[in-house]
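Report on one structure; see the data block that follows.
Protein chains in written order, with this note's numbering: chain A, 14 to 203; chain B, 14 to 203; chain C, 30 to 306.
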């Protein structure tokens, strides 16, 4: 039997894992001392990526490694596989997540200052339970408040390789987003 | 954007599901009334199957439908994904291995005599399954007991060219060899 | 922008603008069901969000907020929330107080000779906070729009369950093996009077090898086993191994007649043959 190609081995392993595999994990597929060099593996991954063009699967580099995933354009069909709709997150959750993502490490108090409201404990719990944020340490200030940071899972989940791939923050002074659906009349003052 | 091909849609759905999908489930990927006929889907599945030749994944018809799976020939690499953290061998296993290594060929009875305890069958099985010891023959004595010896894999694991490279007990303060004249190197065989 | 301007006031009666046209009254036919109003008010994430909404919906310049007007509108919503008995977070009242303070400071005549201090627009801090909040409000929406696992992209997985049983066997190093052997010898000497001697391992190895060859070949001429190409040392080692094997009754040496070639066969093959007879 001929030995399978390196691309096929990588494809098989990534599909068998069903989650991102780091370069180290990919090298560990081979017996000790027989692992191809990183550059060789990178070359094979590039070849694999090219060969998947036009198929129902693509190679994506995310924070924790390489992942084979079904591209967005197939979502209309693929999402019919599940009856349940994907979770929608409230604006409060998304804003808090955004503040942590762009301003990490950040304390709860600082998040509240930016949003102008007290942070409900449910929001932080939701984000921690999803594994998107974690306590990264404690600030050396009165009360030693915890500082929060985003996790690798957060980047993986949002299809990002690093924080630098986050969309850039709106420049100040730009017209902001509107609520067209909320365009109700201003109530009369008593 | 051009519409993805039917094969690509089926590939995407089967990979996103990660489990077998029946013909009915595959038809349910399409909006009501737009599902292709069974024959069309079967044709697309056949095309998909052909296009996967030489890759790390294959299409398989199973009882509950169609499944994309990693072909068996990738097991040597893929199975390493789930390797459990190596455990340690018990004292008994190590001692038995050491006795066989230094005193081969040796019978089970002789090992027991040296260790002063009965040898559980699990120990010999562990060492044989590991491929480090083998039955090298049988002694022409009552019961025709098997004699055990170490294997080439054993030498390979310890990075030894021959048994004579095993460390000598003298390093531990053992009296010197009785037959120094016998301590000859076995020449390397071609 | 001149700082001591009275805030650019809309006519007090104007409650809304539609395409730039000021409206002084709610159209009579506009009926907002109380439920909808409640949902509407609950949509605000806090006072900053409500203020931003008021500014943006009227296309006002965030850098030059007409404080008096905005304060009036803001208070209108706060009163509505109270009327509807919505859970009114204390932050809304704090903001109301802040707006009132800014408003009063802007109405005060600027004291002469205090230019440096007064150069700071009382609205500056509010503007900064509004802008910062707006940035993250937009960032939250950007994050929402990112392709997300299980909604837009799906991890691809293929079945490989049959391959999941591999278990990495323990590794052992040589020092461990030696230590185990030393320990066992020590113990053996405590329990018995046998002298355990170190024997030449190369001979032991050759014994094992010879046994293996005999298992496959069954009969082997002594001449085949003693290979001159291994040199004198090799031949001696093999010869000693054969003698040890004979002594341990693992092999038998056979000769069909005096001076005929010597053959070696394993005891196992031999007894197997006897059993069959």
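Where a beta carbon is used, it is the ideal one built from N, C-alpha and C, also for glycine.
{"query": "Whole alpha helix (DSSP H) elements within the segment 87 to 134 of chain C, 4-residue minimum", "result": "96 to 112"}
{"query": "Euclidean distance between Cα positions of residue 97 of chain C and residue 156 of chain C", "result": "15 Å"}
{"query": "9 Å Cβ cut-off: residues of chain B touching residue 176 of chain C", "result": "Within chain B, no residue comes near residue 176 of chain C; the closest Cβ sits about 14 Å away, beyond 9 Å."}
{"query": "Contact list for residue 87 of chain B against chain A, beta-carbon separation under 7 Å", "result": "17, 22 and 25"}
{"query": "Beta-carbon proximity check, residue 294 of chain C vs residue 247 of chain C, cutoff 8 Å", "result": "yes"}
{"query": "Residues near residue 67 of chain C by beta carbon distance below 8 Å, same chain, minus five either side", "result": "113 and 115"}
{"query": "Cβ-based burial, residue 111 of chain C [other Cβ within 10 Å; buried from 16]", "result": "exposed"}
{"query": "Listed by chain order, chain A residues near residue 70 of chain B by CB distance under 8 Å", "result": "24, 25 and 28"}
{"query": "Residue 73 of chain A - partner residues in DSSP beta bridges", "result": "A:80"}
{"query": "Three-state class that DSSP yields for residue 27 of chain B in the structure shown", "result": "helix"}
{"query": "Residue environment, residue 236 of chain C, which counts as buried when at least 16 other CB atoms sit within 10 Å", "result": "buried"}
{"query": "Residue environment, residue 276 of chain C, which counts as buried when at least 16 other CB atoms sit within 10 Å", "result": "exposed"}
{"query": "Nearest-angstrom beta carbon gap, residue 58 of chain A and residue 23 of chain A [assumed within contact, 8 Å]", "result": "6 Å"}
{"query": "Residue 72 of chain B classed as buried or exposed, judged by whether at least 16 other C-beta atoms fall within 10 angstroms", "result": "buried"}
{"query": "Neighbour flag for residue 252 of chain C against chain B, beta carbons, 8 Å", "result": "no"}
{"query": "8 Å Cβ cut-off: residues of chain A touching residue 192 of chain C", "result": "29"}
{"query": "Those residues which DSSP pairs with residue 147 of chain B across a bridge", "result": "B:162"}
{"query": "Residue 106 of chain A: contacting residues in chain B (beta-carbon distance under 8 Å)", "result": "Result: empty, since nearest Cβ-Cβ is about 25 Å, beyond 8 Å."}
{"query": "Residue 78 of chain B beta carbon less than 8 Å from that of residue 33 of chain B", "result": "yes"}
{"query": "Close-in-space but distant-in-sequence residues of the same chain around residue 74 of chain A (CB under 7 Å, 5 per side omitted)", "result": "174"}
{"query": "Pairwise C-alpha distance: residue 264 of chain C and residue 270 of chain C", "result": "10 Å"}
{"query": "CA nearest to the CA of residue 159 of chain A, picked from A:102, A:103 and A:146", "result": "A:146"}
{"query": "DSSP three-state assignment for residue 89 of chain A, whether helix, strand or coil", "result": "helix"}
{"query": "Residues that residue 83 of chain A contacts on chain C, provided the C-beta gap is smaller than 7 Å", "result": "182, 183 and 185"}
{"query": "Within chain C, partners of residue 149 of chain B - CB distance below 7 Å", "result": "237, 240 and 241"}
{"query": "From B:55, B:85 and B:53, residue whose alpha carbon lies closest to that of residue 67 of chain B", "result": "B:85"}
{"query": "For residue 281 of chain C, the residue or residues it bridges with in DSSP", "result": "C:294"}
{"query": "Short Cβ contact (8 Å threshold) for residue 139 of chain B with residue 91 of chain B", "result": "no"}
{"query": "Neighbour flag for residue 42 of chain B against chain E, beta carbons, 8 Å", "result": "No chain E appears in the structure shown, which is made up of the protein chains A, B and C."}
{"query": "Beta-bridge partners of residue 34 of chain B, as assigned by DSSP", "result": "B:79"}
{"query": "Given residue 94 of chain C as reference, the closest of C:70, C:76, C:153 and C:175 once Cα atoms are compared", "result": "C:153"}
{"query": "Buried versus exposed call for residue 172 of chain A [16 or more other C-beta atoms within 10 Å across all chains shown]", "result": "buried"}
{"query": "Limits of the unbroken beta strand (DSSP E) element including residue 250 of chain C", "result": "248 to 250"}
{"query": "Rounded straight-line distance, which links the Cα of residue 76 of chain A to that of residue 43 of chain B", "result": "33 Å"}
{"query": "Whole-angstrom distance between residue 157 of chain A and residue 151 of chain A, CA atom to CA atom", "result": "6 Å"}
{"query": "Per-residue burial, residue 111 of chain A [other beta carbons within 10 Å of its own, 16 or more giving buried]", "result": "buried"}
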